[in-house]
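Q: Residue numbers (this note's numbering): 93 to 645. A virtual CB, placed ideally from N, CA and C, is assigned to each residue, including glycine. Being a predicted model, the structure only gives us computed values, none of them experimental.
Below is the structure:
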């Protein structure tokens, strides 16, 4: 069995790829043990309902993060001749990152109810990773750890929300001579952003905002300008900033441009011309729609995401929200098209990789849920497409990938040394068909309430607080509707996947027990006593439409 994560310790770039550096001593490598070694930062960390907290550290203990920085500096010094020999030949990168976009909301990926011509164009020009996942979350705000994992290349058990003391992808590219720019959402604190990027315009520090009134700042020098309200709709504001940057990036210096859209995250208030086609012909309900989730998963009462529709979920209301969600995606798709068009006419266009991804998925009626706080496929799967020089056009893979694989992939393409303790894997062998061995399974973890593991056919979800388990045959039941966990015929499959889950936990340093001696009640009924309140970010018309006490059928 291949390890879920791929160790990168000791790897240095070479003209032909990444090779293993000689290892000294008798210490076994992660490849030899079959596991990725997290090391001491996990000591004392325990999961709690609110997330992962740090245990007190001894005052005289040296920081465990000093060594990675020293190793990186040492590797960079030896790599300098490679990195700077021909700076105009090094590739450029545009990373387009959506917020809350399900993997099944791209037309060419099989959704005939949505219009995404520019994402379709990108899939035809590039390589699609059809089984790409967010690793999970230690927080109800899944986008925070997801973005931390994207930028650090580490799972949430080994990364901080504020990214303190962790080398970041754009930060390393900057050290290697890249010009780094960002626009859009950053939910991991200002200090880490200042380390990561040299330039920025229209940056939103926060989790969500009305798309017509996004508070943004610019980074000028090493200081932020006062907060202002964006002049345009969020996706347009960020696309404008990215295009202006591209127009300025015409010299020999390679660039990394990060565009973090806030769409299609709620509030779902798309522009009228984007949503009207979907109002006229509303999208169908998901195949796994339910009026209410059949049991308490630990994240159903009082959660902001789940407050956006009443229980039981009115089908008409969910279809309206799907129309608005699709409208946001179609409008976002148009802004992606504007950026792609600017790149097409750019002198560096042919030497630029475009990466499109999203931080996680969203339920929007699936399984009776609305948010992303679950380990179902609709919440953890998310888009990932890469196009650029040497990438085969119009192809895809069903191999398992994580968002945190983006870090080592960009690092390999850029020819920069990879830092110690990266958990991801370089994805290039998948499009070059040079990966005879890859992940045979995929593990995801959500706070202390859920753990899941899947292979090519089967998926097991465990709920430690209630001792509940779900087993799905994804080959016959891709929408995860029939729980087979209690079927005696599948007892051996449950046992096998449980062992695999425990091995996966060991691999990432996850100490969460899978069962409890005092299970919480499994049953829950929110149809009679559930009180909903709109959050501060919802526009007036959404409050009036979706928080009216009379449900729409």
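Pairs of beta-carbons, one from the segment 358-375 and one from the segment 617-635, closer than 8 Å: are there three or more?
A: The segment 358-375 vs the segment 617-635: in contact.
Q: Under three-state DSSP, which class holds residue 636?
A: Here residue 636 is taken as the residue at index 544 of the chain shown, counted from 1. Residue 636 falls in the helix class under three-state DSSP.
Q: How long is the line joining the alpha carbons of residue 144 and residue 401, rounded to whole angstroms?
A: Counted from its first residue, the chain shown places residue 144 at position 52. Counted from its first residue, the chain shown places residue 401 at position 309. Because the pLDDT at residue 144 is just 32, under 50, the model does not fix this residue reliably, and the point stays unresolved.
Q: In the DSSP assignment, find the alpha helix (DSSP H) that holds residue 436 and state where it starts and stops.
A: Along the chain shown, read from residue 1 onward, the residue named residue 436 stands at position 344. Note, residue 436: alpha helix (DSSP H), 407-436.
Q: Quick check: what's the CA-CA separation for residue 389 versus residue 468?
A: Counted from its first residue, the chain shown places residue 389 at position 297. Counted from its first residue, the chain shown places residue 468 at position 376. Near 11 Å, if we compare the C-alpha coordinates of residue 468 and residue 389.
Q: Is the segment 482-495 close to the segment 412-424, with three or more CB pairs under 8 Å?
A: The segment 482-495 is not in contact with the segment 412-424.
Q: Would residue 572 be called buried (16 or more neighbouring beta carbons within 10 Å of its own) or exposed?
A: As a first step, residue 572 must be located in the chain shown, where it is residue number 480. Buried is the call here.
Q: From this set, 286, 543, 590, which residue's C-alpha is nearest residue 315's C-alpha?
A: Position 223 of the chain shown, counted from the start, is the residue given in the question as residue 315. Per the Cα distances, 286.
Q: For residue 276, does the three-state DSSP call read helix, strand or coil?
A: For the purposes of this step, residue 276 is taken as the residue at position 184 of the chain shown. If DSSP states are grouped into helix, strand and coil, residue 276 belongs with the strands.
Q: What separation, rounded to the nearest whole angstrom, lies between the Cα atoms of residue 589 and residue 341?
A: Locating residue 589 in the chain shown gives position 497, counting from the first residue. Locating residue 341 in the chain shown gives position 249, counting from the first residue. For residue 589 and residue 341, the distance between alpha carbons rounds to 50 Å.
Q: Taking the C-alpha atoms as reference points, what is the distance between residue 549 and residue 204?
A: Locating residue 549 in the chain shown gives position 457, where the first residue counts as 1. Locating residue 204 in the chain shown gives position 112, where the first residue counts as 1. Spanning the two alpha carbons is a distance of roughly 25 Å.
Q: List in chain order: all unbroken alpha helix (DSSP H) runs of 4+ residues lying wholly within the segment 582-615.
A: For the segment 582-615, whole alpha helix (DSSP H) runs of length 4 or above, ordered along the chain, are 583-600.
Q: Three or more C-beta pairs under 8 Å: does that hold for the segment 478-485 against the segment 454-469?
A: No, the segment 478-485 is not in contact with the segment 454-469.
Q: With the cut-off set at 8 Å, would you say residue 295 and residue 329 are in Cβ contact?
A: For this step, residue 295 is matched to residue 203 along the chain shown. For this step, residue 329 is matched to residue 237 along the chain shown. No; because the gap between Cβ atoms is not below 8 Å, this pair is not in contact.
Q: Return helix, strand or coil for residue 508, following the three-state DSSP convention.
A: Here the question's residue 508 lines up with position 416 in the chain shown. Looking at residue 508 - three-state DSSP - the assignment turns out to be coil, as it is neither helix nor strand.
Q: Here's the rule: buried if 16 or more other CB atoms are within 10 angstroms of the residue's CB, otherwise exposed. What is residue 610?
A: Your numbering for residue 610 matches position 518 in the chain shown. Answer is exposed; the Cβ neighbour count stays below 16.
Q: How is the alpha helix (DSSP H) around residue 334 delimited, first residue to last?
A: In the chain shown, residue 334 corresponds to position 242, counting from 1. Its alpha helix (DSSP H) spans residues 326-340.
Q: In the structure shown, what three-state DSSP assignment does residue 630 receive?
A: Translated into positions along the chain shown, residue 630 becomes position 538. Coil.
Q: With DSSP collapsed to three states, give me the class of residue 284.
A: Here residue 284 refers to the residue found at position 192 when the chain shown is read from its first residue. Reduced to three states, the DSSP call for residue 284 is helix.
Q: Which of helix, strand or coil does DSSP assign to residue 469?
A: If you number the chain shown from 1, residue 469 lands on position 377. Correct three-state label for residue 469: helix.
Q: Quick one: residues in its chain with C-beta nearer than 8 Å to the C-beta of residue 216, no 5 flanking neighbours on either side, listed in chain order?
A: The residue labelled residue 216 in the question sits at position 124 within the chain shown. These residues qualify, in order along the chain: 200, 485, 486.
Q: Using 8 Å as the threshold, is the segment 252-270 in touch with the segment 317-328, meaning 3 or more CB pairs across them?
A: In short, these stretches do not touch, since the Cβ pair count stays below three.
Q: Would you call residue 551 buried or exposed, if buried means 16 or more other Cβ atoms sit within 10 Å of its Cβ?
A: Reading the chain shown from its first residue, position 459 is the one you call residue 551. Residue 551 comes out buried.
Q: CB residue 288 to CB residue 260, shorter than 8 Å?
A: Along the chain shown, read from residue 1 onward, the residue named residue 288 stands at position 196. Along the chain shown, read from residue 1 onward, the residue named residue 260 stands at position 168. Cβ distance < 8 Å, so residue 288 and residue 260 count as in contact.
Q: Do you know how far the Cα of residue 343 is from the Cα of residue 397?
A: As a position in the chain shown, residue 397 is number 305, starting the count at 1. As a position in the chain shown, residue 343 is number 251, starting the count at 1. So the two alpha carbons sit approximately 45 Å from each other.
Q: Using the rule of at least 16 other Cβ atoms within 10 Å of the residue's Cβ for burial, across every protein chain shown, is residue 621 buried or exposed?
A: Stepping through the chain shown from its first residue, residue 621 is reached at position 529. That one is exposed.
Q: Between the C-alpha atoms of residue 525 and residue 445, what's the straight-line distance to the nearest angstrom?
A: One-based indexing of the chain shown puts residue 525 at position 433. One-based indexing of the chain shown puts residue 445 at position 353. Near 19 Å, if we compare the C-alpha coordinates of residue 445 and residue 525.
Q: Suppose contacts are defined by Cβ-Cβ distances below 8 Å. Is residue 475 in contact with residue 417 by that definition?
A: If you number the chain shown from 1, residue 475 lands on position 383. If you number the chain shown from 1, residue 417 lands on position 325. Contact: no.
Q: Below 6 Å CB to CB, which residues in the same chain sit around residue 218 once its five sequence neighbours on both sides are set aside?
A: Taking the chain shown and counting its residues from 1, one reaches residue 218 at position 126. Closer than 6 Å at Cβ, skipping near neighbours: 477, 478, 479, 483.
Q: Would you list the one or two residues that DSSP bridges to residue 350?
A: Here the question's residue 350 lines up with position 258 in the chain shown. Per DSSP, 187, 274.
Q: In whole angstroms, give me the CA-to-CA distance for residue 366 and residue 419.
A: Counted from its first residue, the chain shown places residue 366 at position 274. Counted from its first residue, the chain shown places residue 419 at position 327. C-alpha separation (whole angstroms): 5 Å.
Q: What does the alpha-carbon distance come out to for the pair residue 148 and residue 512?
A: Against the chain shown, residue 148 aligns to sequence position 56. Against the chain shown, residue 512 aligns to sequence position 420. The predicted position of residue 148 is uncertain, since its pLDDT is 33 and thus under 50; a value taken from the coordinates is nonetheless stated next. For residue 148 and residue 512, the distance between alpha carbons rounds to 24 Å.
Q: Could you tell me how far apart the beta carbons of residue 427 and residue 405 are, in whole angstroms, since I believe they sit closer than 8 Å?
A: Here residue 427 corresponds to residue number 335 of the chain shown, with the count starting at 1. Here residue 405 corresponds to residue number 313 of the chain shown, with the count starting at 1. Going by Cβ atoms, the distance from residue 427 to residue 405 rounds to 31 Å, so no, they are not a contact pair.
Q: Give me, in chain order, the residues of the same chain whose beta-carbon lies closer than 8 Å to that of residue 441; leave out the 5 immediate sequence neighbours on both sides.
A: Counting from 1 along the chain shown, the entry for residue 441 is found at position 349. Answer for residue 441: 435, listed in chain order.
Q: Mind checking who residue 565 pairs with in its DSSP beta bridge?
A: By one-based count along the chain shown, residue 565 stands at place 473. Paired residue(s): 550.
Q: Looking at the secondary structure, which residues open and close the alpha helix (DSSP H) in which residue 240 lies?
A: As a first step, residue 240 is located in the chain shown; it is residue number 148 there, counting from the start. Where residue 240 is concerned, the enclosing alpha helix (DSSP H) stretches over 235-244.
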